[in-house]
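Data first, discussion second: the structure below is written as structure tokens.
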Amino acid sequence: MQNLRPLFSELVKGKANCPTQILFDLLPMGMAIFDSKGLLVATNKADIEMFGIKSKAGTMGVNLFYDIAVAPELQEVIATNDEDEIRINHLFDFDKIKETGRYSKSGKMRLFSYLKKFRDEHGEIEGYMLINMEDKRSDEELKGLYGTQYQHGGTDPVFQEFFEKSPIAAVITDANKRIIRCNESFLRLFQIKNREYAVGFPMPQQPKKPTGESVVDPNADYWMYENEYDFTSNVYPFIGVDYLYLRVEGIRLYDSDGILKGHFFYMTDLTKKKQYEDGLKRQRERALEKSEMKSRFLQNMSHDIRNPLNAIVGFSQLLGLPDGTLTEEEKEEYSNHIANNSNMLIMLVDDILNISDVENGNYKVTLRPVNINELCANTLKSVEYRVPGNVKLYYTTDVDNDASFTTDGRRVQQILINYLTNACKHTTEGEIKLVCNTKENPKQIHFSVIDTGEGIDPSMADDLFQRFMKLNTVQGTGLGLNICYTISQKLGGTVSYDKSYTGGAKFDLYLPVKPITA
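Per my numbering, residue 10 is the first one in the sequence shown, and the count goes up by one each step.
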């Protein structure tokens, strides 16, 4: 391949019986040969058809560096690049060269062009080879090239050069599908460090049930399939990539006697496309799930609001009965029912207003010094009336009485009250405790609410902080924990559910410790 004189001689003479000339014209991609001065000396049939060249003779002598018939983008790259190999994707504009009268086509064509400089033994440029492929046809062209070339023994220097530098991953195997030859694009695709690691190994097996589009017939001379490949096992230790999603096309290769000699495979990497499609699918599924959760939320809300309203109206009517109808104990009981249901309505409305503020961007935090123990003590007082009679509510901490940190105390209370309210709903006996400590990590404050209630199904634990998520039929919006998550993010902290705790339920809040300046 270093000496182009014989090749130039054969192509310029146009010998009809010359194997190189025949192959040159059979190649299904456009190819042009230029001499050391950059003058066109040979072009094949595919190049003539691709560009709609009216007269082959009329193009001879076109200058690679200056003629307007050569794409200006390619000429610019040649002029500014000293490399012996140049690859470029560009648009060929037929309308700009219309005045030459050499071409029958119009409009624009997207091309992949590969230019190779050839040098003699003294390092002097001897000529140039330019290969052009229309982007949308590159797969078909390459397949045709290899099908033709294998029948010629794969020995032609032009074929060998194109095989190695093609942008399409390609492999030739023996009849048993063991790799005997692969190109650089194949090595890059599979992240194989050394060609020797691949040669002799079998091709990744054709799947029995392809996951994507497929045309699979074990008896056919051509087949195509799309499938996922997981290379994390040790079956192919030479492969450096863990996962690929490929379209693999294969053809059987026969010798002149019709005996199967091997196979040609070429591969298109669809991994990013597949990941993008899978991402869209997951987004759609999440959107549908959220829509369903929202519908359930509206159904639950209509039920949860109607019930306390009915209770308030009903017990209010009873309290309005004439004097002497109800005992003092009954009046107190009915008044308590009205108060409890009113509190439930307030909680429901507060959740809805809070989530509305978040969505409208009106949810703000105000940072100031807060005494930790005072905050926790006030939080307990806020929920005392909700605690069932058989349940003990208390607070434990390892922080000093005067310990403070910078945060929005009202928002922290909102999270802790939500945790404690949920604990009161689901704990009928035992205890509920609020814990605060800083010793496990001096850079953060760790709050926990721990109860001895019914606990939470582990399968639902990962979705606890999703909006509209309700775990049971207990009244509520399914917004509370999502609001806790949003507040914690605003404060630079995190919320979580401890799945390792089996004595009931344990919810955590972690907040950063910010120094208080005098």
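Even for Gly, the Cβ is constructed at its ideal location relative to N, Cα and C.
As the structure is a prediction and not an experimental result, all values here were calculated from the model.
ask   = For I381, which three-state DSSP category applies?
value = Position 372 of the sequence shown, counting from 1, holds the residue named residue 381. Of the three classes helix, strand and coil, the one that applies to I381 here is helix, per DSSP.
Run through the DSSP bridge pairs and tell me what F456 is partnered with. Residue numbering aside, residue 456 sits at position 447 when the sequence shown is read from its first letter. In the DSSP assignment, F456 forms a beta bridge with C445 and L518.
Report yes or no: do the region 445 to 455 and the region 398 to 418 share at least 3 C-beta pairs separated by less than 8 Å?
yes
- Roughly how many angstroms lie between the CA atoms of G67 and E58, to the nearest whole one? Translated into positions along the sequence shown, residue 67 becomes position 58. Translated into positions along the sequence shown, residue 58 becomes position 49. Rounded to the nearest angstrom, the two C-alpha atoms are 14 Å apart.
Report all residues from its chain with a CB closer than 6 Å to the CB of L328; omit the five preceding and five following residues, and keep chain order. In the sequence shown, the residue the question calls residue 328 occupies position 319. So the qualifying residues of the chain are Y343.
- Which word fits Q11, buried or exposed, when buried means at least 16 other C-beta atoms lie within 10 angstroms of its C-beta? What you label residue 11 is simply residue 2 of the sequence shown in a count that begins at 1. With a pLDDT of only 41 at Q11, under the threshold of 50, the placement of this residue in the model should not be trusted; the figure read from the coordinates follows. Per the 10 Å Cβ criterion, exposed.
Cutting at 6 Å between CB atoms, please list the residues of its own chain near E440, excluding the five before and the five after it.
By 1-based counting over the sequence shown, the position of residue 440 is 431. The residues are K401 and T461.
- Message: Quick check on DSSP: helix, strand or coil for K401?
- Response: Mapped onto the sequence shown, residue 401 falls at position 392. Note: K401 maps to strand in three-state DSSP.
task = Would you kindly work out how many angstroms separate the C-alpha atoms of V379 and S300, rounded to a whole number?
result = Here residue 379 refers to the residue found at position 370 of the sequence shown. Here residue 300 refers to the residue found at position 291 of the sequence shown. Roughly 40 Å separates the two Cα atoms.
Quiz item: How many angstroms separate the CA atom of L269 from the CA atom of E294?
Solution: Locating residue 269 in the sequence shown gives position 260, counting from the first residue. Locating residue 294 in the sequence shown gives position 285, counting from the first residue. Spanning the two alpha carbons is a distance of roughly 48 Å.
Q.
Using a Cβ-Cβ cutoff of less than 6 Å, which residues in the same chain neighbour K46 once the five nearest sequence positions on both sides are dropped?
A. The residue you call residue 46 lines up with position 37 of the sequence shown. Within the same chain, K46 has no close Cβ partners at all.
Problem set entry | Extent of the continuous beta strand (DSSP E) run through K46 | Here the question's residue 46 lines up with position 37 in the sequence shown. Taken as a continuous stretch (DSSP letters only), K46 belongs to no beta strand (DSSP E), as it is neither H nor E.
For S391, the three-state DSSP class (helix, strand or coil) | The sequence position of residue 391 within the sequence shown is 382, counting from 1. The answer is helix: DSSP assigns S391 an H, G or I state.
Practice task
Let me know if L529 comes out buried or exposed under the rule of 16 or more other beta-carbons within 10 Å of its beta-carbon.
Solution key: One cannot answer for residue 529 here, as it falls past the ends of the chain, which runs 10 to 527.
Return the CA-CA distance between I87 and I95, expressed in angstroms with no decimal places.
Taking the first residue of the sequence shown as position 1, residue 87 is located at position 78. Taking the first residue of the sequence shown as position 1, residue 95 is located at position 86. When rounded, the distance between both Cα atoms is 8 Å.
(request) Label H272 either buried or exposed according to how many other C-beta atoms from any shown protein chain fall within 10 Å of its C-beta, with 16 as the threshold for buried. (result) As a first step, residue 272 is located in the sequence shown; it is residue number 263 there, counting from the start. With at least 16 other beta carbons inside 10 angstroms of its own, H272 counts as buried.
What three-state label does DSSP hand T482 in the structure shown? Indexing the sequence shown from 1 puts residue 482 at position 473. Confidence is the limiting factor: at T482 the pLDDT is only 47, short of 50, which leaves the residue's position unreliable, though a coordinate-based value still follows. Looking at T482 - three-state DSSP - the assignment turns out to be coil, as it is neither helix nor strand.
Exercise. With contact counted as at least three CB pairs below 8 Å, one residue from each stretch, are the region 126 to 137 and the region 35 to 54 in contact?
Worked result: yes
- Message: On a Cα-Cα basis, can you pick out the residue from E338, V522 and Y510 that is closest to N503?
- Response: Residue 503 sits at position 494 when you count from the first residue of the sequence shown. A small fix is needed here, since residue 503 is Thr in this sequence, not Asn. That would be V522, whose Cα lies nearest to the Cα of T503.
key: Beta-carbon gap between I62 and Y112 smaller than 8 Å   = Residue 62 sits at position 53 when you count from the first residue of the sequence shown. Residue 112 sits at position 103 when you count from the first residue of the sequence shown. Closer than 8 Å, so yes.
- Contacts around E258, its chain only, beta-carbon distance under 6 Å, and the 5 residues preceding and following it disregarded: For the purposes of this step, residue 258 is identified with residue 249 of the sequence shown, where counting begins at 1. Closer than 6 Å at the Cβ level, and outside the excluded window around E258, lie M233 and Y275.
Measuring alpha carbon to alpha carbon, tell me which residue in L198, S194 and A184 is nearest P211. Mapped onto the sequence shown, residue 211 falls at position 202. Comparing Cα-Cα distances from P211 to each of L198, S194 and A184, the minimum goes to A184.
Next on the checklist: Can you look up D472 in the DSSP assignment and give me helix, strand or coil?
Outcome noted: Indexing the sequence shown from 1 puts residue 472 at position 463. The answer is helix: DSSP assigns D472 an H, G or I state.
Fill in: Start-to-end residues for the beta strand (DSSP E) that takes in G489
Counted from its first residue, the sequence shown places residue 489 at position 480. From DSSP, G489 is part of no beta strand (DSSP E) but of the alpha helix (DSSP H) over G489 to K499.
Out of C191, R197, T436 and D266, which one is the CA nearest neighbour of V208? Your numbering for residue 208 matches position 199 in the sequence shown. Nearest of C191, R197, T436 and D266 to V208, Cα basis: C191.
Could you pull out every residue in the same chain whose Cβ sits closer than 6 Å to the Cβ of T277, ignoring the five residues on either side in sequence?
-> On the sequence shown, residue 277 is found 268 positions in, with the first residue counted as 1. Around T277: R256.
G259 Cβ short of 7 Å to the ligand PLP heavy atom set:
Among the ligands in the structure shown, none appear at all, so the ligand PLP cannot be discussed.
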